[in-house]
Amino acid sequence: MRYTLSQKLQAHDQDVKSVRSHLDLPSGVEHILTASRDQTGSRWSRSRSGGVAPSSSSSSSSSSSSCFEKTATYQAGDRYANSVEFVRPNRWIPRGHVLIGSLDSQIRCFDPEVSEKPVQILSEHWDNVSVIRVPSLGLQDEVGRDGQFESVPFFISASWDRTARVWAFGLKGVSQGWKCLHTLRGHESAVWGVEFVELPSLLAAAHPDGASGDSEDQFESGRYLTSSADLFIRLFRGEQLVGAFGGHTDVVRGLTILPFPSKEEGGGGGGGVETGESQDYRYFASSSNDGSIKIWDTRQSQPLKELIGHGSIVYDVAPLGESHLVSCGEGGEVGIWDWKRAQKIEIKVERDVVSTWSIDVLRDRQEIVTGSNDGAIRIYRPLSEEEIEPSPTPTPAAPLDQVQEEPRISSQSTAAPAPGPPDLVKFHSDHFLDPEKRDHFARQMQLVATQNDDGPQDGSDGIRSDPYPCQSRYGELLTGESGWNKVWRD
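If you want our numbering, it's the 1-based position in the sequence shown plus 92.
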């Protein structure tokens, strides 16, 4: 599986911090959503059948791929827009919602076709909204004939305020709006990644007409994953912490749920399952400032597999088909992996890019889309068999490719223990009794003298270019921000 650059879109004036893709089922139109430090979000669209004219900033693409063009720009306040997500159409929200999280701590909810003003602003977080995620398609109910989901819509957000929040739409007593269902606490530092493992179960019908009643007793608690700058991944059931996962040695960035392997293929410690078989565990992947990607089972506190190949920080990770995943990181690197076999397929390097912040997959054609510090969106298409020239010896790298040494791969898999929450007290005790891990954690948690727990008081972004030897509690990479250090101003 090899990829080549098919289109480059100059989407923003500053860094593209988040990209997400979705396919509108009734119309067959594919969309890419972005959030940028230029304080805006954008939507780019193309028809399945092609025919959309390429923008002037696009590179030439193959005849088999139509081009995207910008169809909407969303105003995300007066601070950096750092996260974006799309809530799929459902019977509560017929056209879905575009969600944009910003450094001003707010989440703005837009009607996709009305970009001038959000229909709702959520202000429960009190610091930067670092990531927003909706449930994966495998967790959702089947869509109806009109392309809408029948289940209650949910999303989960994470913030530098050390919490994650689960949101639901159409609860009793809330007329046509989002409401926070759970607040996930207990993180020692900023939360960078979130994912749904299991959706909350509806115990009573939600009423979009705002019928009266207590909304808190409508749902049986779901399960959620979070990743944090405090080096841990946590598993929650409702608001209760039920599991922790340790293994990364630096800030844990991205999370993504992975498909179940088939019984024939099996999978690290899980034994393999049939497609569609109900299970109380999931496989997932995490990326980290330590340069690694790790594969996990929700029943085990230690990783099953480790993927090594990136030269520096891995910011984001996303599934590609049933057995592959993609990643992006510092140095403009884009990785393609076979996660079941713990093998690197290739590492591409985006030209003239310092940081590739975000990555996703256009699932209709299995194309890869990335957002980078140069304000551009890049789209990669898979090469056909005819385009791949076999060679017994290494060949010079194609444009945007960089040949790297084979990674050190640990693919050891162990049998999973019986399902059940790990002993958190013992796990944390074992982790911090290790002097090397304890000292590393202490260094990560060290605060600069000018830092204040209540955040910047002058309305600034709290960013300046003075060199400091340590990171703040946010875990923001110093060199990864193009040489900027994140500290509080006096």
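Ideal Cβ placement from N, Cα and C applies to all residues, glycine included.
Bridge partner(s) assigned by DSSP for THR132
Position 40 of the sequence shown, counted from the start, is the residue given in the question as residue 132. Answer is GLN167.
With 16 as the cutoff for other CB atoms within 10 Å, does THR462 come out buried or exposed?
Start at 1 with the first residue of the sequence shown, and residue 462 comes out as number 370. With 16 or more Cβ atoms within 10 Å of its Cβ, THR462 is classed as buried.
Coil, strand or helix - GLU280 by DSSP
Here residue 280 corresponds to residue number 188 of the sequence shown, with the count starting at 1. In this structure, GLU280 counts as coil in the three-state DSSP scheme.
Beta-carbon separation (whole angstroms), ILE349 vs GLU287, contact threshold 8 Å:
Against the sequence shown, residue 349 aligns to sequence position 257. Against the sequence shown, residue 287 aligns to sequence position 195. The pair is a contact, with the Cβ atoms about 5 Å apart (cut-off 8 Å).
Taking 9 Å as the threshold (C-beta atoms), are ALA127 and SER139 in contact?
By one-based count along the sequence shown, residue 139 stands at place 47. By one-based count along the sequence shown, residue 127 stands at place 35. Cβ distance not < 9 Å, so SER139 and ALA127 don't count as in contact.
Let me know the secondary structure DSSP gives GLU478 once reduced to three states.
Here the question's residue 478 lines up with position 386 in the sequence shown. In this structure, GLU478 counts as helix in the three-state DSSP scheme.
Which residues in the same chain have their Cβ closer than 6 Å to the Cβ of GLY169, if we skip the five residues on either side of it in sequence?
In the sequence shown, residue 169 corresponds to position 77, counting from 1. Cβ within range, chain order: SER194, ASP196.
So, for SER134: in the same chain, excluding its five sequence neighbours on each side, which residues have a beta-carbon less than 8 Å away from its beta-carbon?
The count along the sequence shown starts at 1 and reaches residue 134 at position 42. So the qualifying residues of the chain are ALA103, HIS104, LEU125, THR126, SER128, LYS162, ALA164, THR165, TYR166.
Quick one: what does DSSP say HIS189 is sitting in, helix, strand or coil?
Residue numbering aside, residue 189 sits at position 97 when the sequence shown is read from its first letter. Residue state, collapsed to three classes: strand.
Once the 5 residues before and after ASP253 are set aside, which same chain residues still bring their CB inside 6 Å of it?
Translated into positions along the sequence shown, residue 253 becomes position 161. Around ASP253: HIS217, TRP218, ASP219.
Cβ of THR126 within 8 Å of any heavy atom in the ligand MN?
The ligand MN is not part of this structure, which contains no ligands at all.
Could you please give the first and the last residue of the uninterrupted beta strand (DSSP E) stretch that includes ALA377?
Looking up residue 377 in the sequence shown gives position 285. That run of the beta strand (DSSP E) goes 375 to 380.
Do GLU425 and VAL441 have their C-beta atoms within less than 9 Å of each other?
Position 333 of the sequence shown holds residue 425. Position 349 of the sequence shown holds residue 441. Result yes, Cβ atoms of GLU425 and VAL441 sit closer than 9 Å.
What first and last residue would you give for the beta strand (DSSP E) that runs through HIS217?
Against the sequence shown, residue 217 aligns to sequence position 125. Note, HIS217: premise wrong, no beta strand (DSSP E); not H, not E.
Quick one: grab the DSSP three-state call for SER393.
Residue 393 sits at position 301 when you count from the first residue of the sequence shown. Reduced to three states, the DSSP call for SER393 is coil.
DSSP three-state label for TRP259, please.
Within the sequence shown, numbered from 1, the residue matching residue 259 stands at position 167. It is a strand residue.
Could you pull the start and end residues of the beta strand (DSSP E) that GLU425 belongs to?
The residue you call residue 425 lines up with position 333 of the sequence shown. Start and end: 425 to 430.
Who are the near neighbours of TRP284 in its chain, counting only those whose CB is closer than 8 Å to its CB and skipping five residues on each side?
Mapped onto the sequence shown, residue 284 falls at position 192. The answer, listed in chain order, is SER222, VAL223, ALA250, SER319, SER320, ALA321, VAL343, VAL344, ARG345, GLY346, GLY567.
CB of TYR373 within 9 Å of CB of LEU97, strictly:
Counted from its first residue, the sequence shown places residue 373 at position 281. Counted from its first residue, the sequence shown places residue 97 at position 5. Contact flag unset, no.
LEU273 vs VAL258 beta-carbon contact at 9 Å:
Here residue 273 corresponds to residue number 181 of the sequence shown, with the count starting at 1. Here residue 258 corresponds to residue number 166 of the sequence shown, with the count starting at 1. Yes. Within cutoff.
Whole-Å CB distance - LEU191 paired with ILE199, under 8 Å assumed
Counted from its first residue, the sequence shown places residue 191 at position 99. Counted from its first residue, the sequence shown places residue 199 at position 107. That pair is a contact at about 6 Å.
Quick one: is THR275 buried, meaning 16 or more other Cβ sit within 10 Å of its Cβ, or exposed?
Reading the sequence shown from its first residue, position 183 is the one you call residue 275. Answer is exposed; the Cβ neighbour count stays below 16.
In the DSSP assignment, what residue or residues form a beta bridge with CYS201?
One-based indexing of the sequence shown puts residue 201 at position 109. According to DSSP, CYS201 bridges with LEU191, GLN212.
Check for me: the beta strand (DSSP E) holding ASN182 runs from which residue to which?
Your numbering for residue 182 matches position 90 in the sequence shown. Here ASN182 belongs to no beta strand (DSSP E), and DSSP marks it neither H nor E.
So what does ALA336 bridge to, in DSSP terms?
Here residue 336 refers to the residue found at position 244 of the sequence shown. ALA336 is bridged to ARG326.
Which stretch, first to last residue, makes up the beta strand (DSSP E) that contains GLY413?
Indexing the sequence shown from 1 puts residue 413 at position 321. From DSSP, GLY413 is part of no beta strand (DSSP E); its letter is neither H nor E.
Does the beta-carbon of PRO118 have 16 or more other beta-carbons within 10 angstroms, so that it is buried, or is it exposed?
Taking the sequence shown and counting its residues from 1, the one referred to as residue 118 is at position 26. With fewer than 16 other Cβ atoms within 10 Å, it is exposed.
Range covered by the beta strand (DSSP E) that runs through TRP583
The chain is shown from 93 up to 582; residue 583 falls before or after that span and cannot be answered.
Neighbour-count burial assignment, GLU312, 16 or more Cβ in a 10 Å radius
Counting from one through the sequence shown, the residue named residue 312 turns up at place 220. Answer is exposed; the Cβ neighbour count stays below 16.
For HIS123, which residues from the same chain have a beta carbon less than 6 Å from its beta carbon, with the 5 sequence-adjacent residues on both sides left out?
As a position in the sequence shown, residue 123 is number 31, starting the count at 1. Counting only Cβ-Cβ distances below 6 Å, and skipping sequence neighbours, we find HIS114, ARG135, SER137.
Under DSSP, the beta strand (DSSP E) around TYR172 begins and ends at which residues?
The count along the sequence shown starts at 1 and reaches residue 172 at position 80. Taken as a continuous stretch (DSSP letters only), TYR172 belongs to no beta strand (DSSP E), as it is neither H nor E.
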